[in-house]
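What follows is a set of notes on a single structure, which appears directly below.
Following this line, the structure appears as C-alpha coordinates:
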(Lines of atoms letter the chains of each structure in order from A; the text may use other names.)
(Lines give C-alpha, C1' and ligand atoms only; values in the text may rest on other atoms or scores of the structure.)
Protein backbone atom coordinates (compact mmCIF):
# COMPACT_ATOMS: atom_id res chain seq x y z
CA UNK A 693 0.00 0.00 0.00
CA UNK A 694 2.81 2.39 0.81
CA UNK A 695 4.28 1.86 -2.66
CA UNK A 696 0.93 2.62 -4.32
CA UNK A 697 0.44 5.66 -2.08
CA UNK A 698 3.85 7.14 -2.96
CA UNK A 699 3.47 6.50 -6.71
CA UNK A 700 -0.11 7.77 -6.90
CA UNK A 701 0.66 10.95 -4.97
CA UNK A 702 3.69 11.70 -7.16
CA UNK A 703 1.67 11.09 -10.34
CA UNK A 704 -1.13 13.41 -9.16
CA UNK A 705 1.08 16.52 -9.11
CA UNK A 706 0.16 19.27 -10.05
CA UNK A 707 -3.54 18.39 -9.62
CA UNK A 708 -2.78 17.59 -5.97
CA UNK A 709 -0.08 19.44 -4.07
CA UNK A 710 3.22 17.57 -3.95
CA UNK A 711 3.96 15.66 -0.75
CA UNK A 712 5.84 17.70 1.82
CA UNK A 713 7.58 14.69 3.38
CA UNK A 714 10.35 12.56 1.85
CA UNK A 715 9.35 9.18 0.40
CA UNK A 716 10.78 7.27 3.38
CA UNK A 717 8.61 9.27 5.80
CA UNK A 718 5.53 8.74 3.62
CA UNK A 719 6.13 4.97 3.64
CA UNK A 720 6.63 4.95 7.43
CA UNK A 721 3.38 6.89 7.88
CA UNK A 722 1.40 4.41 5.77
CA UNK A 723 2.99 1.45 7.54
CA UNK A 724 1.87 2.98 10.84
CA UNK A 725 -1.85 3.03 9.97
CA UNK A 726 -3.99 1.11 12.46
CA UNK A 727 -5.97 -1.05 10.05
CA UNK A 728 -7.98 -2.52 12.92
CA UNK A 729 -10.00 0.71 12.93
CA UNK A 730 -10.70 0.78 9.17
CA UNK A 731 -11.96 -1.43 6.40
CA UNK A 732 -9.61 -1.97 3.51
CA UNK A 733 -10.14 -2.97 -0.11
CA UNK A 734 -7.16 -3.87 -2.27
CA UNK A 735 -7.00 -3.99 -6.06
CA UNK A 736 -4.50 -6.46 -7.48
CA UNK A 737 -3.17 -7.13 -10.96
CA UNK A 738 -0.65 -9.85 -11.67
CA UNK A 739 -0.30 -10.57 -7.96
CA UNK A 740 0.68 -6.97 -7.21
CA UNK A 741 -1.30 -4.36 -5.26
CA UNK A 742 -2.25 -1.60 -7.71
CA UNK A 743 -4.81 0.28 -5.64
CA UNK A 744 -6.51 0.52 -2.29
CA UNK A 745 -9.38 2.12 -0.44
CA UNK A 746 -9.22 2.64 3.33
CA UNK A 747 -12.49 3.61 4.97
CA UNK A 748 -14.80 3.49 7.97
CA UNK A 749 -18.56 3.02 7.95
CA UNK A 750 -19.03 6.78 7.46
CA UNK A 751 -15.87 8.07 5.79
CA UNK A 752 -13.55 7.27 2.88
CA UNK A 753 -10.10 8.14 4.21
CA UNK A 754 -7.95 7.07 1.27
CA UNK A 755 -8.43 6.00 -2.33
CA UNK A 756 -5.25 5.54 -4.34
CA UNK A 757 -4.64 3.78 -7.64
CA UNK A 758 -1.41 3.41 -9.60
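Numbering (this note's numbering), first residue to last: 693 to 758. Using N, Cα and C, we set each Cβ at its ideal position, and we do this for glycine too. Given the structure is predicted, the values throughout are model-derived calculations rather than measurements.
Asked                                                                                     : Found
Endpoints, beta strand (DSSP E) assigned at residue 742                                   : 740-747
N-terminal and C-terminal residue of the alpha helix (DSSP H) that residue 700 is part of : 694-704
Under the three-state DSSP convention, the category residue 712 falls into                : coil
Those residues which DSSP pairs with residue 736 across a bridge                          : 741
Three or more C-beta pairs below 8 Å linking the segment 738-753 and the segment 693-700  : yes
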